[in-house]
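J.:
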Amino acid sequence: MRASADNGLKIVVVGGFGAGKTTLVRSVSEIRPLSTEETMTRAGETVDDVSAVRDKNATTVAFDFGRITLDARNVLYLFGAPGQERFWFLWDRLFSGALGAVVLVDTRRLDDSWYAIDRLERHGTPFVVARNDFGGPDFAPQAIRDALDLDPDVPLIHCDARARSSSKRVLIALVEHAKHRYRRSYDAQVPAPYEELPR
Numbered sequence: 194m195r196a197s198a199d200n201g202l203k204i205v206v207v208g209g210f211g212a213g214k215t216t217l218v219r220s221v222s223e224i225r226p227l228s229t230e231e232t233m234t235r236a237g238e239t240v241d242d243v244s245a246v247r248d249k250n251a252t253t254v255a256f257d258f259g260r261i262t263l264d265a266r267n268v269l270y271l272f273g274a275p276g277q278e279r280f281w282f283l284w285d286r287l288f289s290g291a292l293g294a295v296v297l298v299d300t301r302r303l304d305d306s307w308y309a310i311d312r313l314e315r316h317g318t319p320f321v322v323a324r325n326d327f328g329g330p331d332f333a334p335q336a337i338r339d340a341l342d343l344d345p346d347v348p349l350i351h352c353d354a355r356a357r358s359s360s361k362r363v364l365i366a367l368v369e370h371a372k373h374r375y376r377r378s379y380d381a382q383v384p385a386p387y388e389e390l391p392r
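Sequential numbering of the sequence shown, starting at 194, is according to the working numbering.
What follows is the structure, given as structure tokens:
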């Protein structure tokens, strides 16, 4: 295999605090992921809402980085963004140049996903929503769509971020969604072929 690929495609993984972003990057990366997780301190308890993630003892403070090779020409570079509000200022820079994003959702805390979805819509970045299973409420897909006010064309996928195959399915869905969206955008901009008028 060649040392480098022709096309490096950037994907950002966002979502609320403790939604499983680091876990998804770790489960699917073919390299040992770069992780900026640090041990949580008591000082963070006054800033971050840990009520739904009591067992969480570390948090991402910059981003996680992983890589997965699609084929000899295409590689996905994964950037897992920190979920806490105090790190949201990093997100716009991470979105720059991205093919698309995965919004990881914990159904116990759907409200934590609104900011990510809003930022992606404002930035014009294609995204999919992956419902990470934490054993919380089992909402029907339409109930999640309604709660998050998702456009009908945004894919909503069930996911177990711990499982490589499940995480890969999410990434494949994102790449397909982004391709479809870019193709639709391109087709809308291409003028109709010139037709010569009869003489």
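Each residue gets a CB set at the ideal place from its N, CA and C atoms; glycine is no exception.
Mapping DSSP to helix, strand and coil, what is ARG266?
T.: Note: ARG266 maps to coil in three-state DSSP.
J.: Helix, strand or coil, according to DSSP, for ARG260 in the structure here?
T.: DSSP, reduced to helix, strand and coil, places ARG260 within a strand of the structure shown.
J.: So, VAL347 versus HIS316, is the Cβ gap smaller than 9 angstroms?
T.: no
J.: Could you check the C-alpha separation between LYS372 and PRO334 for me, to the nearest Å?
T.: Approximately 23 angstroms, taken between the alpha carbons.
J.: In the DSSP assignment, find the beta strand (DSSP E) that holds LEU349 and state where it starts and stops.
T.: 349-352
J.: Spatial neighbours of ARG291 within its chain, please: C-beta separation below 7 angstroms, excluding the five flanking residues on both sides.
T.: Here the sequence assigns Ala to residue 291, which means Arg is not the residue at that position. Around ALA291: LYS203, ILE204, VAL205 and THR318.
J.: Given a cut-off of 9 angstroms on the beta-carbon distance, is the pair HIS351 and SER360 in contact?
T.: no
J.: Does the beta-carbon of ASP311 have 16 or more other beta-carbons within 10 angstroms, so that it is buried, or is it exposed?
T.: exposed
J.: On the premise that THR215 lies in contact with ASP257, defined as a C-beta separation below 8 angstroms, what is that separation, rounded to the nearest angstrom?
T.: At roughly 5 angstroms, the Cβ-Cβ gap stays under 8 angstroms, so ASP257 and THR215 are in contact.
J.: With DSSP run on the structure shown, which of helix, strand or coil describes PHE288?
T.: helix
J.: Drop a sphere of 10 angstroms on the beta-carbon of ASP331, count the other beta-carbons inside from all chains shown, and report buried for 16 or more, exposed for fewer.
T.: exposed
J.: Using the beta-carbon count (16 or more within 10 Å), is GLY213 buried or exposed?
T.: buried
J.: Please report the distance separating the alpha-carbon of ASN267 from that of VAL221.
T.: Note on geometry: alpha-carbon atoms of ASN267 and VAL221 lie some 16 angstroms from one another.
J.: Confirm the yes/no value for this check: CB of ALA354, any heavy atom of the ligand COA, distance under 8 angstroms.
T.: This structure lacks the ligand COA, and indeed carries no ligand of any kind.
J.: Is it true that the CB of ILE337 sits closer than 9 angstroms to the CB of VAL298?
T.: yes
J.: Expressed to the nearest angstrom, what Euclidean distance is found between the alpha-carbon atoms of ASP380 and ARG374?
T.: 10 angstroms
J.: Since VAL295 and PHE272 should fall inside the 8 angstroms C-beta cutoff, what is the C-beta to C-beta distance between them, to a whole number of angstroms?
T.: Contact doesn't hold; Cβ gap of about 10 angstroms is too wide.
J.: Write down the C-beta distance between LEU303 and ALA340 rounded to the nearest angstrom, noting that I regard them as a contact closer than 8 angstroms.
T.: 5 angstroms
J.: Note the first and the last residue of the continuous alpha helix (DSSP H) segment covering ALA309.
T.: 307-316
J.: Based on Cα-Cα distance, which residue from ASN200, GLN382, ASP342 and LEU349 lies nearest to ARG260?
T.: ASN200
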